Structure formats: C-alpha cells, structure tokens
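Q: By the count of our numbering, the sequence shown reaches residue 639 at its end, each step adding exactly one.
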Amino acid sequence: MMIKFFQPLTASLSSKRKMSYSSFSIIREHNNLFLRGFMILLLSCITIQLNFCISSIPSSLKALPLEGHLSFDEIGLSQASRDFGNRYHAQPMALLHPKSVSDIAVTIKHIWNLGPSSQLTVAARGHGHSLQGQAQAHGGVVINMKSLIAPEMKVYAGELPYVDVSGGESWINILHETLRYGLAPRSWTDYLHLTVGGTLSNAGVSGQAFLHGPQISNVKQLEIVTGTGEVVNCSEEQNRELFHSVLGGLGQFGIITRARILLEPAPTVVKWIRVLYADFTDFTRDQEKLIFMENAFDYIEGFVIINRTGLLNNWRSSFNPQDPVQARKFKSDGRTLFCLELAKYISMEETHAVKQEVKTLLSHLNYIPSTLFVTEVTYVDFLDRVHTSEVKLRSKGLWDVPHPWLNLFIPKSKIHKFAEVVFGNIVIETSSGPVLIYPVKKSKWDNRTSVVMPDEDVFYLVAFLASAVPSSNGPDGLEHILNQNKRILEYCEGAQLGVKQYLPHYNTQEEWQAHFGPQWEVFLKRKSVYDPLAILAPGHRIFQKAITFS
Numbered sequence: 090m091m092i093k094f095f096q097p098l099t100a101s102l103s104s105k106r107k108m109s110y111s112s113f114s115i116i117r118e119h120n121n122l123f124l125r126g127f128m129i130l131l132l133s134c135i136t137i138q139l140n141f142c143i144s145s146i147p148s149s150l151k152a153l154p155l156e157g158h159l160s161f162d163e164i165g166l167s168q169a170s171r172d173f174g175n176r177y178h179a180q181p182m183a184l185l186h187p188k189s190v191s192d193i194a195v196t197i198k199h200i201w202n203l204g205p206s207s208q209l210t211v212a213a214r215g216h217g218h219s220l221q222g223q224a225q226a227h228g229g230v231v232i233n234m235k236s237l238i239a240p241e242m243k244v245y246a247g248e249l250p251y252v253d254v255s256g257g258e259s260w261i262n263i264l265h266e267t268l269r270y271g272l273a274p275r276s277w278t279d280y281l282h283l284t285v286g287g288t289l290s291n292a293g294v295s296g297q298a299f300l301h302g303p304q305i306s307n308v309k310q311l312e313i314v315t316g317t318g319e320v321v322n323c324s325e326e327q328n329r330e331l332f333h334s335v336l337g338g339l340g341q342f343g344i345i346t347r348a349r350i351l352l353e354p355a356p357t358v359v360k361w362i363r364v365l366y367a368d369f370t371d372f373t374r375d376q377e378k379l380i381f382m383e384n385a386f387d388y389i390e391g392f393v394i395i396n397r398t399g400l401l402n403n404w405r406s407s408f409n410p411q412d413p414v415q416a417r418k419f420k421s422d423g424r425t426l427f428c429l430e431l432a433k434y435i436s437m438e439e440t441h442a443v444k445q446e447v448k449t450l451l452s453h454l455n456y457i458p459s460t461l462f463v464t465e466v467t468y469v470d471f472l473d474r475v476h477t478s479e480v481k482l483r484s485k486g487l488w489d490v491p492h493p494w495l496n497l498f499i500p501k502s503k504i505h506k507f508a509e510v511v512f513g514n515i516v517i518e519t520s521s522g523p524v525l526i527y528p529v530k531k532s533k534w535d536n537r538t539s540v541v542m543p544d545e546d547v548f549y550l551v552a553f554l555a556s557a558v559p560s561s562n563g564p565d566g567l568e569h570i571l572n573q574n575k576r577i578l579e580y581c582e583g584a585q586l587g588v589k590q591y592l593p594h595y596n597t598q599e600e601w602q603a604h605f606g607p608q609w610e611v612f613l614k615r616k617s618v619y620d621p622l623a624i625l626a627p628g629h630r631i632f633q634k635a636i637t638f639s
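Now the structure itself:
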C-alpha cells in the first residue's frame, strides 16, 4: 500500500482519513525510532573516538624516553596558562620539565610524527613574561625552559670574550656569573629576570641599543630545536638562514636551547643622570645628538611625565640634585614633561676623568637647569633597577595585575606628529606605569633577522607600560587603558605613520601579513621550512597547525 504523507484532507470518507492518519503515525514513529537510534550510535562513535584521542595522547607522551619529566597536575597546568600580561589564559595538556635538549627534541619529534591529524602544539615558556598569551599552548605542551640545566653556563675570556648559556637561563644570572671574570653582556633589557630564549625571540631592547644594537645583534651562535624535532647549531657561518630566522622570530621557527652571547669588560660604577625638558623638540634633538656622539654615554633612554606632582621630591630618594635650592623651587604640577635618562660606565681608575667628561657633555644639552639630578651606583644595581620596583609592587599586591602594554617603533620623521596627537589628545592623564621614549639607530640592527622595523635610519621605541588597577573604572582601570591603546593604534594607522609594533599582537593572519609587509613572504617561507606543521608558538596566533603553505 502506498502512503502519501501530504495527502489533502476531504470532508468525506472519514474511515479512510482515520486509516491514513493511523498509517502515517506508524511510519512517523518508525522513522523517529530509526533516527534516534542512528544519532545515539553516531554520538557514541564520536564519543569513543574523542575519548580514545584524548586518552591516547597523554599515554603516548608519558611513554617518551625523557631525562626530565612531563607533568599533568592541575596546579602546574594552571600556572602555565597565565603570563605577566594577566589577560589571556589557555591551559595546556601537559607541562614538560626538560633536563636536557634531547628532552625537548624528543617531545617535538613525537608530536611531529603524529602528523597533521593531531592538534598538539608546543610553546616554550621562560619566566612567563609574555603579555598576550604568546607562551601558552591551549591543549598542547608547554616547555618549562627554566628546568633546562644543560649545557651549563661557561665564560670564555680573551680578545673576543663570550659566554655560552642555556636558552632557559635568566639574564640576571648571566650578569652575576660573567662579572666574576670582569665581563658582562653588551646589550640588555630594562628588566633582567627574563630568559635568554625569550628576549632573543623578540629582540631585547634597552638604553644600550643605540650603541650595541639590541640583544639579537650581540649573539654569535645558537642551538635550536626546530618544529620537526631536529637539533641544529647555527651562526653566521653555519645554517645562516635558520640563525637569522630565529632571532626576533617570535618562536615560530625553533626553540632556542643554547646561545653564545658576546661580552665586554664590565665597569664597576655607573654615573646615573636624569634631567627634564618642557619642550619636546629640545628633548628629541638632544637624544638624537647623543646617540651619534662618539665616546659619550653608554645608556640613553627617556620617558614622558604627565601631570605628575612632586616629581623631583620623589627623585631625591635615589638621586642628588645638582642645585638643591633651584630644584626645590621647580614645580611639575599639571605639565607634560620629558625626562632624559643617561648613564656613563666608570672603571675605578678613571673616575675623575669621566666626571669631567660628563660635565662637558651635559653642557651641550638644553634641559631645564634646575632639574639636573645625579647619582652613582654599582653596575649591578643600575642594571637590576627595575627589580627594586618589582619588590615594592609585589609587597603592595600590585605586580600580579593585568599589564596591557603597548610597544611601538616609530619613524624619526613622524615622532613629532605622533607626540603632538598622542600626548596632546589621547594620553592626557597621569599614567599607571612609565611611558618610555628613546631613539635607536637602524644600522645597529640586522635586517636579515625576523624583526620588523620602520623604514628609516633612526626610529623611536615608545612603550606604554601600564599596570591596570583591579576593580578600577578610572584612568588606571583595564578598560580605560585598552581603549587608550586602541585609540593610539587607530591614530597611527589612520595617519599612516609607518609605525610597527614591538612585542606584536594581532588576532588574524591578515593583520600579521600587514605587520610584516614585504617581509611576509620570507617569514612564510621560513615557517614552511623549519616548522611546516605549525607546531611551535601557537599563542601568537600567526599560523594554525597543519596549515598548507603555497
């Protein structure tokens, strides 16, 4: 008997109507039962498959021959899901504590062998000082680089001294060890409690960069574990392409497990100087003058001070005013001022000569005379100065808060236009963190590395290093700071200033492509060679695993 499911209704033949409805109900019930049974079977298969995948991956990882160990405990995984930015949280499946480079290579090789069907990724984590989850790997493996105890740090003195260090070694430890030989690295970051692999994967910039370039310009050799699990030594002479790729490469091409860092004779004392400017043109002119002077200062930075009260009084806790009477009369209230911060390294035998030299150098600058403050500190105290602030902030519970930082490279030709709008219309209230601004010379940077820079010989680093106060709805609150950052970026893009982000963060590959510009094709090719399955550093959101490269 043929049933018409959409048979039209009539007023007659009620018995036929009843028969049709009855037959329809039987068929419908049969279909529903079939569909329910099919869906239950399908979902059961999917669940079984997912459970198999989820359970088999940890089992395969646990079976790896490691000198260190993998941990799966919730406390460790939770810690690995956070970073200094304290805004992004992605929990990994496992945390690797390597004791050797082999542990890292074996783990990555295993994940590589799983192929594109596995969604496992790997992120290297040092002190977790990334800002937007760059050292996180959701559902993947995070490598605790601080656990890497081999190779041990070794200093080589001589005509061209250097130190061999683990990628998980912190710069503060390198400083203390090299000072035992009267030596120290040439280029630093402002904060030393960071790992070698972390800073070299970005650039490593501080007030010495105008003289020696960033930290990536002071590396002689690297040992890398690529995205295929291969351990490769590279330098200018050996595997040059990988060497340049990894430096400033955001962890996309390999994990830095060892580095050879160039050293120089270390000073014993530092003459540390601060002066203020009311005029931005004088401020930048003096900065640019100083970075091209021979044998002048060893460190040059600057920062912006907005509507800060009692500024010079705060300096007195660490600095001495050159003219105490005039300094006492100076009022900073309600003004935007620009501080030039300088340092001259001194060896004990040349103290008097250097003091006279500094006096001469300062006489050529156009700062406000009453704002000259000077102090002398040990080399270690100067380099580790930010850690002192960290200790104070931790004691007040203000260290483990969101840090919505924004770091920009701005071409010299656009810095005045940038300052006029940003410091005149956007950042107009006292900031909840320092705003750094200082120039560097492009000639001290290697354009073969993966770092993206403005296309001018001199460019400025401008860094908005805000800390968001929890539960605040004011200028120091997270929402306000993020909105301020957005306005700055929108202005830079709209005005076509040629600005590039340092420690960049984007959400789409199209944005990353715009960031790299002409360098994108090179970056893409390097990725396809050294990490073709996009296993490494997923937190940057540049590539998705198993992406097809063309």
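Where is the CB? At the ideal position from N, CA and C, for every residue including glycine.
Because the structure is a prediction, the values reported are computed rather than measured.
1. Mark Pro181 as exposed unless 16 or more other C-beta atoms lie within 10 angstroms of its C-beta, in which case mark it buried.
2. Quick one: Cα of Met382 to Cα of Ser407, how far?
3. Taking the Cβ atom as the reference point for each residue, do Gly222 and Ala626 lie within a distance shorter than 8 Å?
4. Below 8 Å between beta carbons: does that hold for Tyr468 and Val359?
5. Return the chain-ordered list of same chain residues with a C-beta closer than 6 Å to the C-beta of Ala292, the five sequence neighbours on each side being excluded.
6. State the Cα-Cα distance for the pair Val190 and Gln602, rounded to the nearest angstrom.
7. For Lys448 and Glu430, I'd like the C-alpha separation in whole angstroms.
8. Can you tell which of Ile238, Ser276, Ile164 and Glu390 has the C-alpha that lies nearest to the C-alpha of Pro187?
9. Determine the closest residue to Glu312 out of Trp404, Gly296, Ile193 and Ile200, with distance taken between C-alpha atoms.
10. Quick check: the stretch 263-282 against the stretch 194-202, are there 3 or more CB pairs under 8 Å?
11. What separation, rounded to the nearest whole angstrom, lies between the Cα atoms of Ala273 and Cys428?
12. When DSSP labels each residue in this structure, what does Pro621 get in the three-state scheme?
13. In whole angstroms, give me the CA-to-CA distance for Gly628 and Val443.
14. Within the stretch 441-496, note down every full alpha helix (DSSP H) run reaching 4 residues or more, in order along the chain.
15. Return the chain-ordered list of same chain residues with a C-beta closer than 6 Å to the C-beta of Val558, the five sequence neighbours on each side being excluded.
16. Just to confirm, is the Cβ distance from Tyr527 to Gln376 under 8 Å?
17. Give, in chain order, every unbroken run of the alpha helix (DSSP H) that is at least 4 residues long and sits entirely within the stretch 250-276.
18. Check whether the stretch 606-614 and the stretch 509-525 touch, using three or more Cβ-Cβ pairs below 8 Å as the test.
19. Mind checking Val480: buried by the 16 CB within 10 Å criterion, or exposed?
20. Given that a residue counts as buried once 16 or more other Cβ atoms are within 10 Å of its Cβ, and exposed if not, what is Ala246?
21. Is Ser290 helix, strand or coil when you go by DSSP?
22. In the DSSP assignment, find the unbroken beta strand (DSSP E) run with Ile345 in it and report its ends.
23. Between the stretch 566-577 and the stretch 498-517, are three or more C-beta pairs nearer than 8 Å?
24. Could you tell me the distance, in whole angstroms, from the CA atom of Gln608 to the CA atom of Phe419?
25. Mind checking which residues open and close the alpha helix (DSSP H) that includes Ile504?
26. Given a cut-off of 8 Å on the beta-carbon distance, is the pair Leu586 and Pro500 in contact?
27. Between which two residues does the beta strand (DSSP E) containing Val230 stretch?
28. Since Ser160 sits in a beta bridge, which residues does DSSP pair it with?
29. Could you check whether Pro354 and Gly228 sit closer than 8 Å to each other, using their CB atoms as the reference points?
30. Using only CA atoms, which one of Asp535, Asp489 and Val551 lies nearest to Lys503?
31. Determine the direct distance from the alpha carbon of Gln327 to that of Trp488, and round the result to whole angstroms.
32. Considering only the alpha carbon of each residue, which of Ala212, Leu351, Leu150 and Leu281 lies closest to Val244?
33. May I have the straight-line CA-CA distance separating Asn140 from Ser556, to the nearest angstrom?
34. Apart from the five residues just before and just after Asn233, which ones in its own chain have a Cβ nearer than 7 Å to its Cβ?
35. Using 8 Å for Cβ pairs, my map puts Val314 next to Gly343. What's the rounded Cβ distance?
36. Let me know the secondary structure DSSP gives Ile193 once reduced to three states.
A: Well, looking at it:
1. It is buried - the Cβ of Pro181 has at least 16 other Cβ atoms within 10 Å.
2. Using only the alpha carbons, I get a separation of about 28 Å.
3. Inclusion of Gly222 and Ala626 in the CB contact set at 8 Å is not warranted, their separation being larger than that value.
4. For the 8 Å CB-CB criterion, Tyr468 and Val359 form a contact.
5. Pro303, Ile305, Gly337 and Val540.
6. Cα-Cα distance, rounded: 32 Å.
7. If I take the Cα positions, the gap works out to 15 Å.
8. In this structure, Ile238 is the residue among Ile238, Ser276, Ile164 and Glu390 with its C-alpha nearest to the C-alpha of Pro187.
9. It is Ile193.
10. Between the stretch 263-282 and the stretch 194-202, the count of C-beta pairs closer than 8 Å stays below three; the two stretches do not touch.
11. Each residue's alpha carbon lies about 27 Å from the other.
12. Coil at Pro621, not helix or strand.
13. Approximately 47 Å between the Cα atoms of the pair.
14. List check, alpha helix (DSSP H) in window: 468-472 and 474-484.
15. Within the same chain, Val558 has close Cβ partners Asp565.
16. Yes; because the gap between Cβ atoms is below 8 Å, this pair is in contact.
17. Whole alpha helix (DSSP H) segments, 4+ residues: 260-268.
18. The answer is no - the stretch 509-525 does not touch the stretch 606-614, with fewer than three Cβ pairs under 8 Å.
19. Residue environment: Val480 is assigned as exposed (fewer than 16 neighbouring CB atoms within 10 Å of its CB, all protein chains considered).
20. Residue environment for Ala246: exposed (fewer than 16 other C-beta atoms within 10 angstroms of its C-beta).
21. Three-state result, Ser290: coil.
22. Gly343 to Pro354 is the extent of the beta strand (DSSP E) around Ile345.
23. With the cut-off at 8 Å, the stretch 566-577 and the stretch 498-517 touch.
24. Between the C-alpha atoms of Gln608 and Phe419 there is a straight-line separation of about 49 Å.
25. Looking at the DSSP string, the run of the alpha helix (DSSP H) that includes Ile504 is Ile504 to Val510.
26. In this structure, the beta-carbon distance from Leu586 to Pro500 falls below 8 Å.
27. Val230 -> beta strand (DSSP E) spans Val230 to Asn233.
28. DSSP, once it has assigned bridges, lists Leu184 as partnering Ser160.
29. Going by C-beta atoms, Gly228 is not nearer than 8 Å to Pro354.
30. Cα-wise, what sits closest to Lys503 is Val551.
31. The straight-line gap from Cα to Cα measures roughly 42 Å.
32. Taking Val244 as reference, the option from Ala212, Leu351, Leu150 and Leu281 with the minimal CA-CA separation is Leu351.
33. Residue confidence is low: Asn140 scores 41 on pLDDT, short of 50, so the model does not pin down where it sits. No coordinate-derived value is stated.
34. Within the same chain, Asn233 has close Cβ partners Leu184, Leu185, His186 and Arg214.
35. About 6 Å; that satisfies the 8 Å criterion.
36. Looking at Ile193 - three-state DSSP - the assignment turns out to be helix.
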